[in-house]
Amino acid sequence: MADVELTPTELIVHIRGIDELLALKVQLQVPLEHIAGVDVRPDEATQVWHGLRIGTNLPGVITAGRFLQHGEWAFWDVHDPNDAIAIRLHDEHYAKLVIGVEDPEATTEAIRAAIRL
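Going by my numbering, the first residue of the sequence shown is number 99, and it counts up by one from there.
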């Protein structure tokens, strides 16, 4: 699971616990202006195949790390698809971040409010 921090100019994703090792990442920072949108419980979170990977993919347990699918990189840190959000990006290395958070609805609304400013 990840924690999302919003500053006036950027979104910071903090990877927690053992996921740091499994995802091969501790933190991601993205300027708010590079966020194209955010979705709660995206369909891709329930799929088994996420593409070529650098990280961990144990279906039903955890998907964590970098995945290349259809020519685009995505970062994943999801244990439970019901806790997942997908943050779509532009002008970044990753086309999207798919992360598990404690409260997907509240986190999504907070991100949407931050990018409307």
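Don't be surprised by glycine CBs; every beta carbon is placed ideally from N, CA and C.
Owing to the predicted nature of the structure, the values given are computational and were not obtained by experimental measurement.
Check: Where His132 falls: helix, strand or coil (DSSP); Outcome: helix
Check: Alpha helix (DSSP H) segment containing Leu187, residue limits; Outcome: No alpha helix (DSSP H) holds Leu187; the beta strand (DSSP E) holding it covers 182 to 187.
Check: Chain-order list of residues whose beta-carbon lies under 6 Å from that of Asp117 (same chain, five-residue window excluded); Outcome: Ala162, Asp175
Check: Same chain, Cβ closer than 7 Å to Gly198, neighbours up to 5 away in sequence not counted; Outcome: Met99, Ala100, Asp175, Val176, His177, Asp178, Asp181, Ala182
Check: Range of the contiguous beta strand (DSSP E) that encloses Asp175; Outcome: 170 to 176
Check: Beta-carbon separation (whole angstroms), Ile124 vs Ile113, contact threshold 8 Å; Outcome: Here the sequence assigns Val to residue 124, which means Ile is not the residue at that position. 6 Å between Cβ atoms; contact.
Check: CA nearest to the CA of Ile133, picked from Leu104, Leu119, Leu122; Outcome: Leu104
Check: Chain-order list of residues whose beta-carbon lies under 6 Å from that of Thr144 (same chain, five-residue window excluded); Outcome: Pro179
Check: Rounded straight-line distance, which links the Cα of Arg164 to that of Gly135; Outcome: 20 Å
Check: Burial state of Val102 (16 or more Cβ within 10 Å); Outcome: buried
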